[in-house]
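The numbering of the sequence shown is our numbering, which starts it at 277 and goes up by one. Reviewing the structure listed below.
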Amino acid sequence: MNLAEQARPHLAGANQADWYAALDAERENMLAAHTHAVSLDNSVDNGAALGLNLAWSLKPYWITRGYLGLGLQLTLEALSHPRAGERNLARCRGRL
277 MNLAEQARPH
287 LAGANQADWY
297 AALDAERENM
307 LAAHTHAVSL
317 DNSVDNGAAL
327 GLNLAWSLKP
337 YWITRGYLGL
347 GLQLTLEALS
357 HPRAGERNLA
367 RCRGRL
């Protein structure tokens, strides 16, 4: 998740190719992280927020790489989490 959050501000600019390559190399790990996040029990962490933050951080990546459908699917999965109704920044971003 850290890579996605670190990458977002760099997905436009001088080093964007390097960041996109790094995300390409880690795509399967990021998908696994999302699956783990949205499967978290309510008593642990806020899996909805984790999943929504990951989906939002990667939005430019999903669009540029032609994975918009996948990005939408991940966002909808996170929004269906029991804690997705909490009013927080992650929920706002997920609804954009």
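Quick reminder that beta carbons are idealized off the backbone N, C-alpha and C, glycines included. Remember, it's a predicted structure, so these values are computed and weren't measured experimentally.
For H286, the three-state secondary structure derived from DSSP is helix. With respect to H357, A324 sits close: the two C-beta atoms are nearer than 9 Å.
In this structure, L279 places its C-beta atom within 9 Å of the C-beta atom of E302. Taken through DSSP and simplified to helix, strand or coil, G342 comes out as coil. Counted as a single uninterrupted DSSP element, the alpha helix (DSSP H) harbouring S333 occupies residues 323-333.
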